[in-house]
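Asker: Got a structure here, written out as structure tokens. Questions coming.
In our numbering, the protein residues as written are 9 to 361.
Shown next, in the form of structure tokens:
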């Protein structure tokens, strides 16, 4: 199991952005749809396909109300949150079928546990990484169990303030988990998240305050915000995806369809290549254009041998393979060695120094 669940590339020194495609519960309780989601994740070339592992009775009280987005995106208005979740729950046998399919398709399986038993289950199948969902960030028994079972942590922070993030982080640090094995994801828990509520700069606030690796779990529509997060330094991106945004279910509307997922992966890979090493020098591809785009000192009139160069005698023209206009002050006042025609490119051999 460990061969495909390890996330050693979460190392702080790694430059590769980890892309987690969150299938979540967008299978609508259908294993065949889950297979199709795995196939689409493979096609998009993400690093992980992630599901959700839970026992509804251990997560939701039977009288718990639905969130407004769950009501809006549900096909059964009278259905309770418990009834909705129960239809989306996979058994351990069904989870194992998905794991086996991921192995067959050579993609890394990942899952989020929403209760203590599910934490135990994910540990028992060999995962050494735990994803703490936003709703569990204030659940101390859950955090303590996760810290005992797992060596690496991804912590989502939707709905949380800095004090609550610090409290959860301290649980993991006190359990002996290294900061280098902890990634904190900025997140907003609204589906879809309004652009004015994204507050992407909060991701940098988290990094500065806690000195941890940062990432972003996105619930906006489209791919702009996760791509921007990568440009700002996110090392992990998590994004929901679906087969069809119009399917009934709580998370489809805030998810990407397969072609959008591909576009996001491509954009992220382009951004991480474009970030470079931060050293400002001419790139290999642009060096050939230096001579073409820059200018050299030229003469704009007839000059006789021995005549003194004045500012009005000079024009700066392409190509840039002659004397640089940056030394024009050193050229003004010198005499020319020979007669020069208009638009002659000036060289050191033309000057008496």
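We put the beta carbon where it would ideally sit given N, CA and C, even for glycine. Quick caveat: nothing in here was measured; it's all calculated off a predicted structure.
Using only CA atoms, which one of 293, 334, 327 lies nearest to residue 300?
Answerer: Comparing Cα positions, the closest option is 327.
Asker: Using the beta-carbon count (16 or more within 10 Å), is residue 70 buried or exposed?
Answerer: Exposed, since its Cβ has fewer than 16 Cβ neighbours within 10 Å.
Asker: Is the CB-CB distance between residue 189 and residue 160 below 8 Å?
Answerer: Cβ atoms of residue 189 and residue 160: closer than 8 Å.
Asker: Which whole-angstrom value is the C-beta distance of residue 139 and residue 118, which I expect to be below 8 Å?
Answerer: Indeed they touch by this definition, with Cβ atoms about 7 Å apart.
Asker: Kindly give me the distance between the Cβ atoms of residue 129 and residue 43, rounded to whole angstroms, as I take these residues to be in contact under 8 Å.
Answerer: 21 Å between Cβ atoms; not a contact.
Asker: Based on Cα-Cα distance, which residue from 203, 183, 204, 219 lies nearest to residue 192?
Answerer: Residue 192 has its Cα closest to that of 219, out of 203, 183, 204, 219.
Asker: Using only alpha-carbon positions, find the residue among 150, 236, 78, 101 that is nearest to residue 67.
Answerer: Nearest C-alpha to residue 67: 150.
Asker: So if DSSP puts residue 121 in a beta bridge, which residue, or which two residues, is it bridged to?
Answerer: Answer is 61, bridged to residue 121.
Asker: Helix or strand or just coil, what does DSSP make of residue 292?
Answerer: In the structure shown, residue 292 sits in coil (DSSP, three-state: anything other than H, G, I, E or B).
Asker: Is the number of C-beta pairs between the segment 30–37 and the segment 91–109 that are closer than 8 Å three or more?
Answerer: Short answer: they touch.
Asker: Kindly provide the ranges of any beta strand (DSSP E) runs that are 3 or more residues long and lie completely inside the segment 214–295, ordered along the chain.
Answerer: As far as the segment 214–295 is concerned, its whole beta strand (DSSP E) runs of at least 3 residues are 221–226, 244–248.
Asker: To which residues does DSSP link residue 53 through a beta bridge?
Answerer: DSSP output for residue 53 lists no bridge partner at all.
Asker: Terminal residues of the continuous alpha helix (DSSP H) containing residue 335?
Answerer: Here residue 335 belongs to no alpha helix (DSSP H), and DSSP marks it neither H nor E.
Asker: Let's see if you can read the secondary structure: which residues bound the alpha helix (DSSP H) around residue 94?
Answerer: Its alpha helix (DSSP H) spans residues 89–96.
Asker: Kindly indicate which residue of 210, 200, 181, 125 has the alpha-carbon position closest to the one of residue 75.
Answerer: Here the closest residue by C-alpha is 200.
Asker: Are the Cβ atoms of residue 271 and residue 249 separated by less than 8 Å?
Answerer: No. Outside cutoff.
Asker: Quick one, which of 37, 144, 36, 55 has its alpha-carbon nearest residue 245's?
Answerer: Comparing Cα positions, the closest option is 55.
Asker: Who are the Cβ neighbours of residue 14 in its own chain at under 8 Å, not counting the five residues just before and after it?
Answerer: With a pLDDT of 47 at residue 14, under the threshold of 50, the modelled position of this residue cannot be trusted; read the value that follows with caution. Hits under 8 Å: 136, 137.
Asker: Between the alpha carbons of residue 18 and residue 305, how many angstroms are there, rounded?
Answerer: Low confidence applies to residue 18: its pLDDT is 47, below 50, so where it sits in the model is not reliable enough to give any reading.
Asker: How long is the line joining the alpha carbons of residue 298 and residue 205, rounded to whole angstroms?
Answerer: Approximately 44 Å between the Cα atoms of the pair.
Asker: By the three-class DSSP mapping on this structure, what secondary structure does residue 30 have?
Answerer: Residue 30: strand per DSSP, three-state reduction.
Asker: Which one of 143, 350, 338 has the shortest CA to CA distance from residue 197?
Answerer: Residue 143 is the option with its Cα nearest to residue 197.
Asker: Taking residue 334 as the reference, which of 302, 358, 283, 314 has the closest Cα?
Answerer: Measuring from the Cα of residue 334, the nearest candidate turns out to be 302.
Asker: Take residue 371 and list the residues in its own chain whose beta-carbon comes closer than 8 Å to its own, dropping the five residues that flank it on each side.
Answerer: The chain is shown from 9 up to 361; residue 371 falls before or after that span and cannot be answered.
Asker: Alpha carbon to alpha carbon, how far is residue 288 from residue 141? Give it in angstroms, no decimals.
Answerer: Cα-Cα distance, rounded: 40 Å.
Asker: Would you identify the three-state DSSP class for residue 346, choosing helix, strand or coil?
Answerer: Coil at residue 346, not helix or strand.
Asker: Less than 8 Å between CB atoms is the rule here; does residue 157 satisfy it with respect to chain B?
Answerer: In the structure shown, chain B cannot be found, because there is only a single protein chain.
Asker: Could you tell me whether the Cβ atoms of residue 211 and residue 240 are closer together than 8 Å?
Answerer: Yes, these two residues count as a Cβ contact at 8 Å.
Asker: In the DSSP assignment, find the unbroken alpha helix (DSSP H) run with residue 160 in it and report its ends.
Answerer: From DSSP, residue 160 is part of no alpha helix (DSSP H) but of the beta strand (DSSP E) over 160–164.
Asker: Indicate whether residue 113 and residue 50 have their beta-carbon atoms separated by less than 8 Å.
Answerer: Cβ distance < 8 Å, so residue 113 and residue 50 count as in contact.
Asker: Which of helix, strand or coil does DSSP assign to residue 138?
Answerer: Strand at residue 138.
Asker: Buried or exposed for residue 316, please, with buried defined as at least 16 other CB atoms from any protein chain shown within 10 angstroms of its CB.
Answerer: Exposed, because fewer than 16 other Cβ atoms sit within 10 Å of the Cβ of residue 316.
Asker: Less than 8 Å between the CB atoms is what I'm expecting for residue 3 and residue 61, so what's the real figure, rounded?
Answerer: Outside the displayed span of the chain (9 to 361) sits residue 3, for which this structure offers no information.
Asker: Determine the burial state of residue 329: buried for a count of at least 16 other Cβ atoms within 10 Å of its Cβ, exposed for fewer.
Answerer: Per the 10 Å Cβ criterion, exposed.
Asker: Please return the same chain residues whose Cβ sits closer than 6 Å to the Cβ of residue 131, not counting the five positions on each side in sequence.
Answerer: Closer than 6 Å at Cβ, skipping near neighbours: 157.
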